[in-house]
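J.: Pasting a structure here, questions to come.
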Amino acid sequence: MRKLFSGQLPGERIEVIDRNIGYLSPIGKIAGRVLITRYRLRFEGSDGVCQFDVPLGYISKVEKVGHSTVSRSEHSYGVLIECKDMRNIRFTCQPATHSRRPMYDALLRYAFPVTNKLPLFAFLYAQALQESSPPPHGPKPLINGWTLYDAKAEFNRLGYRTSNGH
Numbered sequence: 026m027r028k029l030f031s032g033q034l035p036g037e038r039i040e041v042i043d044r045n046i047g048y049l050s051p052i053g054k055i056a057g058r059v060l061i062t063r064y065r066l067r068f069e070g071s072d073g074v075c076q077f078d079v080p081l082g083y084i085s086k087v088e089k090v091g092h093s094t095v096s097r098s099e100h101s102y103g104v105l106i107e108c109k110d111m112r113n114i115r116f117t118c119q120p121a122t123h124s125r126r127p128m129y130d131a132l133l134r135y136a137f138p139v140t141n142k143l144p145l146f147a148f149l150y151a152q153a154l155q156e157s158s159p160p161p162h163g164p165k166p167l168i169n170g171w172t173l174y175d176a177k178a179e180f181n182r183l184g185y186r187t188s189n190g191h
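By our numbering, the letter at position 108 of the sequence shown is numbered 133, and the numbering carries on one by one without gaps.
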């Protein structure tokens with residue numbers, strides 16, 4: 026897998042790239058690009074200074090803002106993202122290119138994987154990590170966390186008697 030940015034995790038595949046987007050920051054509009062993976066939304070400003078990541082698990086709500094036929098201002102068409110850490114992130118898109126649709130759909134799909142019957146990124150990460158660095162004695166099976174601990178076996182190991190006498 027080719028890495029497109031530093032800090033990209035194993036199994037983190039780029040799903041959507043929008044190279045012509047504006048981030049409405051508290052100091053004004055910053056042009057740049059947005060990358061959406063199965064794990065995060067990443068904004069990289071054209072100025073090279075403004076960049077940030079938002080793990081998709083932080084997102085609580087995604088809304089479309091404005092309509093392509095209504096022209097109030099250049100900032101009226103885009104996507105508003107509300108985060109669980111109280112951040113509100115707003116991106117502006119070009120109505121003529123309809124670039125809002127793929128970004129909005131990807132955010133809805135990957136920020137809420139259980140609703141969309143998708144695996145959580147943690148499982149994709151574990152699988153990719155295992156595939157990228159196999160152990161020298163062959164691949165180990167993935168560990169099911171629910172069967173990792175057996176209370177009866179642990180009590181027997183410690184020498185305690187269980188309630189039914191075994």
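C-beta atoms are modelled at their ideal positions from N, C-alpha and C, and glycine is treated no differently.
Decide if residue 65 is buried, meaning its Cβ has at least 16 other Cβ atoms within 10 Å, or exposed.
T.: The residue labelled residue 65 in the question sits at position 40 within the sequence shown. By the 10 Å Cβ count, residue 65 comes out buried.
J.: In its own chain, which residues sit with a C-beta less than 6 Å from the C-beta of residue 185, not counting the 5 before and 5 after it?
T.: Position 160 of the sequence shown holds residue 185. So the list is empty, once near-sequence residues are dropped.
J.: Within 10 Å of its beta-carbon, does residue 128 have 16 or more other beta-carbons around it, so buried, or fewer, so exposed?
T.: Numbered from its first residue, the sequence shown carries residue 128 at position 103. That one is buried.
J.: Are the beta-carbon atoms belonging to residue 146 and residue 47 less than 8 Å from one another?
T.: For the purposes of this step, residue 146 is taken as residue 121 along the sequence shown, with counting starting at 1. For the purposes of this step, residue 47 is taken as residue 22 along the sequence shown, with counting starting at 1. It is not a contact, given that the beta carbons lie outside the stated cut-off.
J.: If you drop the 5 nearest sequence neighbours on each side, which residues of the same chain put their C-beta closer than 6 Å to that of residue 56?
T.: As a position in the sequence shown, residue 56 is number 31, starting the count at 1. So the qualifying residues of the chain are 47, 71.
J.: So, residue 36 versus residue 150, is the Cβ gap smaller than 8 Å?
T.: As a first step, residue 36 is located in the sequence shown; it is residue number 11 there, counting from the start. As a first step, residue 150 is located in the sequence shown; it is residue number 125 there, counting from the start. Yes, these two residues count as a Cβ contact at 8 Å.
J.: May I ask whether a heavy atom of the ligand FMN can be found less than 7 Å away from the beta carbon of residue 60?
T.: Here there are no bound small molecules, and the ligand FMN is not part of this structure.
J.: For chain E, is any of its Cβ atoms less than 8 Å away from the one on residue 45?
T.: Among the chains of the structure shown, chain E does not appear; only one protein chain is present.
J.: Just to check my reading of the structure: residue 108 and residue 85 have Cβ atoms closer than 8 Å, yes? What is that Cβ distance to the nearest angstrom?
T.: For the purposes of this step, residue 108 is taken as the residue at position 83 of the sequence shown. For the purposes of this step, residue 85 is taken as the residue at position 60 of the sequence shown. Right, their Cβ atoms sit about 6 Å apart.
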